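Visitor: Chains A and B, in that order, give the protein sequences.
So that you can map any letter, position 30 of the first sequence is 30 in the numbering used here, and since no number is skipped, the others follow by simple counting.
So that you can map any letter, position 32 of the second sequence is 32 in the numbering used here, and since no number is skipped, the others follow by simple counting.
In this text, a Cβ means the ideal position worked out from N, Cα and C, and glycines have one as well.
Treat the numbers as computed from the prediction; the structure is a model and nothing was measured.
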Amino acid sequence: MDIQQKIHATVTGNPVVLYMKGSPQFPQCGFSARAVQILNACGIKEFVAVDVLADPEVRDGIKAYGNWPTIPQLYVNGELVGGSDIMTEMYQAGELQKQLEPLANA
Amino acid sequence: MNVIEQMRERLAVLAPESIDIGDDSHLHAGHAGARDGGHFRLTIVSPRFAGCRTMERHRLVYDALGPLMKQGIHALSITAQTPEEIRSTS
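(1) Check whether the Cβ atoms of Leu-60(B) and Arg-10(B) sit closer than 9 Å, and answer yes or no.
(2) Where does the unbroken alpha helix (DSSP H) through Gln-37(A) begin, and where does it stop?
(3) Please list the terminal residues of the continuous beta strand (DSSP E) segment that includes Arg-41(B).
(4) Buried or exposed: which applies to Met-20(A), given that a residue is buried once 16 or more other Cβ atoms fall within 10 Å of its Cβ?
(5) Note down the Cα distance separating Thr-79(B) from Asp-63(B), rounded to an integer number of angstroms.
(6) Can Val-52(A) and Ile-62(A) be called in contact, C-beta distance under 9 Å?
(7) Evaluate Asp-85(A) with the Cβ neighbour count: other Cβ atoms within 10 Å of its Cβ, from every protein chain shown; 16 or more gives buried, anything less gives exposed.
(8) So what does DSSP say about Glu-89(A), is it helix, strand or coil?
(9) Starting from Thr-11(B), trace the alpha helix (DSSP H) both ways and give me its first and last residue.
(10) Can you tell which of Gln-92(A), Gly-83(A), Tyr-65(A) and Glu-95(A) has the C-alpha that lies nearest to the C-alpha of Thr-12(A)?
(11) Using a cut-off of 8 Å between C-beta atoms, extract the partners of Met-69(B) located in chain A.
(12) Anyone know if the C-beta pair for Ile-73(B) and Val-45(B) falls short of 9 Å?
(13) Run the CB neighbour count on Ser-18(B), radius 10 Å, all protein chains shown included, and call it buried at 16 or more, exposed below.
(14) Can you pull out the residues from the stretch 33-57 of chain A whose beta carbon lies closer than 8 Å to at least one beta carbon of chain B?
(15) For Pro-56(A), which of Ile-71(A), Val-48(A), Cys-42(A) and Glu-46(A) has the nearest alpha-carbon?
(16) Reducing DSSP to helix, strand and coil, say where Ser-25(B) ends up.
(17) Are the Cβ atoms of Met-7(B) and Phe-40(B) separated by less than 9 Å?
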């Protein structure tokens, strides 16, 4: 399985996947930290977090997969939602909560 | 030409009414990614964003910046609005 297939399997096999730098407990970047906080604020306590710093192949692979040059990247039901700016904007507008509500694990 | 000047030049393809770029690199000096480039904040106003969702707007910006996203820019925070949106909020 090449890296693109592996990423595809991860994002389509899990409802919420965050590609980030570091772990939710120890984010290594302010943007990744913000993405985790927003997910938590939306009631998403359990999600698949992939630390791109642990694997350079994933770090480059996810940029190609999403056709998106930056990290973090949030995928919901296999679709790229965006990075931390978009998550912030959607959260402030109440859209992200709505989208994630069916997936929230309180 | 420094990175901010290169960003302005490349973003010209979006026919912006205004571009404001802030350099936050000093806040991140020393952290691991900082060596691949700077941390920037971009506020851009362009009629091209009309009818586009936020994600599509960010994609337009990333596409315009092209190779700078790989070299020169490590992190970029984007606010992309249309002239109408600016007028309706001010």
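Guide: In this structure, then:
(1) no
(2) Where Gln-37(A) is concerned, the enclosing alpha helix (DSSP H) stretches over 30-41.
(3) 37-45
(4) buried
(5) 15 Å
(6) yes
(7) buried
(8) Collapsing the DSSP output to three states places Glu-89(A) in a helix.
(9) Here the sequence assigns Leu to residue 11(B), which means Thr is not the residue at that position. Run containing Leu-11(B): 3-11, per the alpha helix (DSSP H) assignment.
(10) Tyr-65(A)
(11) Pro-69 and Thr-70
(12) no
(13) exposed
(14) Leu-53
(15) Ile-71(A)
(16) For Ser-25(B), the secondary structure class from DSSP, reduced to helix, strand or coil, is helix.
(17) yes
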